[in-house]
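What follows is a set of notes on a single structure, which appears directly below.
Numbering (my numbering), first residue to last: 3 to 295.
This is the structure we're talking about:
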């Protein structure tokens, strides 16, 4: 990249060079932030290929770390906003990218889960939301965007393979959860690449997978979004219990009384079903019925 950068980017494919850089600069990786660096160049380039990126495309990147993906994104000429919480990485990213990319690169310091919505309200949505998400925040961050009712045109997240399977699971699958339902409300979700642990340094104990989220052209209708979210979570609150038990308990605890039989009758659903067998439409139907009680 441009030789005018204050600090030249390291060899992102070399664990030895990355380790040396971290040690030289006195950085200690914070395990609580779940840092693993993608050291396979072909994989990094492959991930970029799943995105439609033109000069000026607005991109958000979560957890840039040492900047391996940041480097490739800026080479595409995008307007990049990166969210980073680690103070050491923030300092390094400023030295590598900020000096000569002020018009195309913005660095937001702190916890993305606290910062993304205020930043969106002030600056608007990006075209692409992208990141190699730390395993410990992946589900929470994605769910928070859905629960806020914010829909991005495209999201591409590399997450723990287990999380990817939950995101893309369909009714009847053992991995189908409340999280699966929330993701399916606004997006078509697909695992586009499985990434072995060996592609990262330090090497994690699990495989990863890249999940592509494409906004649906038409969203399912709902009358009370907040109630829908609550109903989905209530129905999955105990996987061994049927929907009559889970939903009935929630209704009693939330001021709807003992009306579960009425709700089931109106829905046409058997109370013996479990949440993992319900389609998105069924969750929407139940929430609409309860909302009209």
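Backbone N, C-alpha and C define an ideal beta-carbon position, used for all residues, glycine too.
query                                                                                                                            : result
CA nearest to the CA of residue 188, picked from 105, 107, 218                                                                   : 218
Residue 133 and residue 95 closer than 7 Å at C-beta                                                                             : no
Check: residue 235 C-beta below 6 Å from any heavy atom of the ligand PLP                                                        : Of ligands this structure carries none, so the ligand PLP is not represented either.
Inter-residue Cα distance where the pair is residue 11 and residue 23                                                            : 10 Å
Simplified DSSP state of residue 4, which is helix, strand or coil                                                               : Note that residue 4 scores 45 on pLDDT, short of 50, meaning its location in the model is unreliable; the coordinates nonetheless yield the value given after this. Correct three-state label for residue 4: coil.
Residue of 144, 210, 163 minimising C-alpha distance to residue 183                                                              : 144
Nearest-angstrom Cβ-Cβ length linking residue 270 and residue 246, presumed shorter than 8 Å                                     : The pair is not a contact, with the Cβ atoms about 14 Å apart (cut-off 8 Å).
Chain-order list of residues whose beta-carbon lies under 6 Å from that of residue 29 (same chain, five-residue window excluded) : 90
Any 3 or more C-beta pairs closer than 8 Å across the region 209-223 and the region 68-82                                        : no
For residue 216, the three-state DSSP class (helix, strand or coil)                                                              : strand
Contacting residues, own chain, Cβ-Cβ under 6 Å from residue 114 (five flanking each side not counted)                           : 64, 85
Buried versus exposed call for residue 178 [16 or more other C-beta atoms within 10 Å across all chains shown]                   : buried
Residue 27 classed as buried or exposed, judged by whether at least 16 other C-beta atoms fall within 10 angstroms               : exposed
Cα-Cα separation between residue 34 and residue 199, rounded to whole angstroms                                                  : Low per-residue confidence applies at residue 34: pLDDT is 48, beneath 50, and the placement is therefore not dependable, though the value from the model is reported in the following sentence. Each residue's Cα considered, the two are about 19 Å apart.
7 Å CB neighbourhood of residue 295 in its chain, flanking five on each side removed                                             : 258, 261
Coarse secondary structure for residue 65, derived from DSSP in three states                                                     : coil
Assigned secondary structure, residue 34 (DSSP; H/G/I helix, E/B strand, else coil)                                              : Confidence in residue 34 is poor, its pLDDT being 48 and thus under 50, which makes the residue's placement unreliable; the coordinate value appears in the next sentence. In the structure shown, residue 34 sits in a helix (DSSP, three-state: H, G or I).
Cβ shell of residue 203 (< 6 Å), same chain only, five flanking positions each side left out                                     : 17, 39, 41
DSSP three-state assignment for residue 87, whether helix, strand or coil                                                        : coil
Simplified DSSP assignment, three categories, for residue 81                                                                     : strand
Simplified DSSP state of residue 210, which is helix, strand or coil                                                             : strand
Endpoints, the beta strand (DSSP E) within which residue 190 is located                                                          : 189-197
For residue 27, the three-state DSSP class (helix, strand or coil)                                                               : coil
Cβ shell of residue 59 (< 6 Å), same chain only, five flanking positions each side left out                                      : 80, 129
Nearest candidate by alpha-carbon position, reference residue 149, set 164, 229, 19                                              : 229
Residue 168, buried or exposed, once every other Cβ within 10 Å from all chains shown has been counted against 16                : buried
Beta-carbon proximity of residue 82 to residue 74, cut-off 7 Å                                                                   : no
For residue 283 and residue 226, the rounded distance between their alpha carbons                                                : 14 Å
Collapsed DSSP secondary structure at residue 132 in the structure displayed                                                     : strand
Residue(s) in a DSSP beta bridge with residue 60                                                                                 : 81
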